[in-house]
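**Student:**
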Amino acid sequence: MMVVKSCELFFQFSNSKYGSYVTCTKYQRNLVKFITFLSLILLIFLFECHHIDAYLQQKDETTLDSCQRCKLLVKSFKKGLKHTARGKHEGGDAHWEENKLNNYADSEIRLTEIQENLCNDVKSGKDQCHSFAEHYESEIEDWFLKNRKQERKDHLEEGSTLYEYLCNQISQACCPDGHFGADCQPCHGYPNNVCYNRGYCSGNGTRKGQGNCICHIGFDGEFCEKCSSNYLAIGIIEMNYEEKIQNIPEQCIRCDQSCASSCHSLGPQGCHVCRTGYFRDNDKGCIDIDECNVSDVELNPCKFQTYCMNTQGSYKCYPCHESCEGCTGHGSNSCIKCSSGYKRSVINNDCIRNDQYSIGQLWKRYVKYIRYVFYLIAMIIIFIVASRNNILLAACFSLITSIIITFIEKPDLLYDYL
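Once you know that position 89 of the sequence shown is 89 in UniProt numbering, the rest is easy, because the numbers rise by one and skip nothing.
1) Enumerate in chain order the residues of its own chain whose CB-to-CB distance from Asp177 is below 6 Å, with the five nearest sequence positions on each side excluded.
2) Going by DSSP in three states, Glu242 sits in which element: helix, strand or coil?
3) Would DSSP call Ser339 helix, strand or coil?
4) Quick check on DSSP: helix, strand or coil for Leu56?
5) Give every residue of the same chain whose Cβ lies closer than 7 Å to the Cβ of Arg280, excluding the five residues on either side of it in the sequence, and list them in chain order.
6) For Ser229, tell me which candidate among Ile236, Ile217 and Leu156 has the shortest Cα-Cα distance.
7) What does DSSP give as the partner residue(s) for Gln257 in the beta ladder?
8) Out of curiosity, what's the CA-to-CA distance linking His83 and Glu134?
9) According to DSSP, which residues form a beta bridge with Gln185?
10) Looking at Cys302 and Cys324, is the spacing between their C-beta atoms short of 8 Å?
11) On the DSSP bridge list, what partners appear for Pro249?
12) With Phe304 as the anchor, note down where its alpha helix (DSSP H) starts and where it stops.
13) Excluding the 5 residues flanking Cys184 on each side, which residues of the same chain have their C-beta closer than 7 Å to its C-beta?
14) Is the segment 152 to 166 close to the segment 122 to 129, with three or more CB pairs under 8 Å?
15) Which residues in the same chain have their Cβ closer than 8 Å to the Cβ of Cys167, if we skip the five residues on either side of it in sequence?
16) Keeping to the same chain, check which residues put their C-beta closer than 7 Å to that of Ile381; ignore five residues upstream and five downstream.
17) Run the CB neighbour count on Gly331, radius 10 Å, all protein chains shown included, and call it buried at 16 or more, exposed below.
18) Going by other Cβ atoms of all chains shown within 10 Å of its Cβ, with 16 needed for buried, is His179 buried or exposed?
19) Tell me, which residues are paired with Asp288 by DSSP?
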């Protein structure tokens, strides 16, 4: 009854300019029902998308430590300083304009403008940034109104002292660069040669970590003073490390891919031991073994209906073309024998289809068309059910149909659920 009334009101409104009253036909009522059904589905979709998006945002926001929160806050505050900075006015009373500009630069008005947008530019960890800002609001205000003036006297970039003041001194959430741990101890080799400049200090700049050296790729040792086992040291340089002169490799270059571990020179000739999948040649060094180059079929590493493709140090097996019963390579022209339903072409030796098809081949060929017919029938049923005012039943049928279509198009999902 409600749908009929809605229909009559809709068509009466749409024809009001003609002053006529239209009685709804069965087609018009069905049209209104269908539009109502589509609107319901759209509302459900938008509602679910909103909740999924909110869930993903909440999931992406990981818990940050105090140092990370402080860094986010400082970065956002410096952006605020940049956005509220004003250049010098030209013309007129330059001295009066400059005094006016300096008054604004150090004013609470500017501070308020910055604080209103503080942390709003943060994508991940915005709430944690706001919480940290609220906790140290008075300290930030003291720095802005008092300590910051020293920056101009020392000709420093505006905001450059905030990190040291807030993160290292006041909150003690972080350590200065080149320091680590609860007491901010200096890293090995600080200040100029931390980890010989071949790695970084664990916990650097934070109140965490042990201060041990995490070496870059190719370097090894307690302080990254030597090359990794599968790298070759090239050249020697002297470096002052904690008031001692140390000899360290100038470069560490990776050994050839054919080497199992270490090498005495570059190239396949320099390997101490060849890697699995290679053999040693007296002149060329470690040479790749072609596992696919075998005359006896029984020695072929790939099973039936696959062919072998050699790679460096190994091999890969790829499926034969559907027209092949055994093959030596890719495509229908590499078949050892043609599959049932195929025959050898007299033109290019390819395996081509016969005029007669097996039931299995017909099914494989037309199964996609059967799916399309099923989708069309499902849409018709949904429309019919919706037109009979069974909105709930139509929605349930739509959901079931969507699940069936998903598993038909992506059967791997079904195996994951089972």
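Ideal placement from N, C-alpha and C gives every residue a C-beta, glycine not left out.
Since the structure is predicted, the reported quantities are computational estimates derived from the model, not experimental observations.
**Tutor:** Inspection of the coordinates gives the following:
1) Counting from 1 along the sequence shown, the entry for residue 177 is found at position 177. The answer, listed in chain order, is Gly205.
2) Taking the sequence shown and counting its residues from 1, the one referred to as residue 242 is at position 242. Of the three classes helix, strand and coil, the one that applies to Glu242 here is coil, per DSSP.
3) Locating residue 339 in the sequence shown gives position 339, counting from the first residue. Ser339 falls in the coil class under three-state DSSP.
4) For the purposes of this step, residue 56 is taken as the residue at position 56 of the sequence shown. At Leu56 the pLDDT is 48, less than 50, meaning the model places this residue with poor confidence; the figure from the coordinates comes in the next sentence. Reduced to three states, the DSSP call for Leu56 is helix.
5) Here the question's residue 280 lines up with position 280 in the sequence shown. Excluding positions up to five away in sequence, the list reads Cys274 and Cys286.
6) Against the sequence shown, residue 229 aligns to sequence position 229. Nearest C-alpha to Ser229: Ile217.
7) Within the sequence shown, numbered from 1, the residue matching residue 257 stands at position 257. Beta-bridge pairing links Gln257 to no other residue.
8) For the purposes of this step, residue 83 is taken as residue 83 along the sequence shown, with counting starting at 1. For the purposes of this step, residue 134 is taken as residue 134 along the sequence shown, with counting starting at 1. Answer to the nearest angstrom: the Cα atoms are 21 Å apart.
9) Within the sequence shown, numbered from 1, the residue matching residue 185 stands at position 185. In the DSSP output, where bridge partners are listed per residue, Gln185 has Phe180.
10) To locate residue 324, count along the sequence shown from 1; it is residue 324. To locate residue 302, count along the sequence shown from 1; it is residue 302. Not in contact: Cys324 and Cys302 (Cβ atoms no closer than 8 Å).
11) Walking along the sequence shown from the start, residue 249 turns up at place 249. In DSSP, Pro249 forms a bridge with Ile236.
12) Looking up residue 304 in the sequence shown gives position 304. First-last for Phe304: undefined, no H or E at that position.
13) Along the sequence shown, one-based indexing puts residue 184 at 184. Hits under 7 Å: Cys175 and Pro176.
14) no
15) On the sequence shown, position 167 is the one that residue 167 refers to. Result list for Cys167: Cys67, Cys70, Lys71, Val74, Ala173 and Cys174, in chain order.
16) The residue you call residue 381 lines up with position 381 of the sequence shown. Taken in chain order, the residues that qualify are Phe397.
17) Residue 331 sits at position 331 when you count from the first residue of the sequence shown. So Gly331 counts as exposed.
18) Counted from its first residue, the sequence shown places residue 179 at position 179. Per the 10 Å Cβ criterion, buried.
19) The count along the sequence shown starts at 1 and reaches residue 288 at position 288. Its beta-bridge partners are Tyr278.
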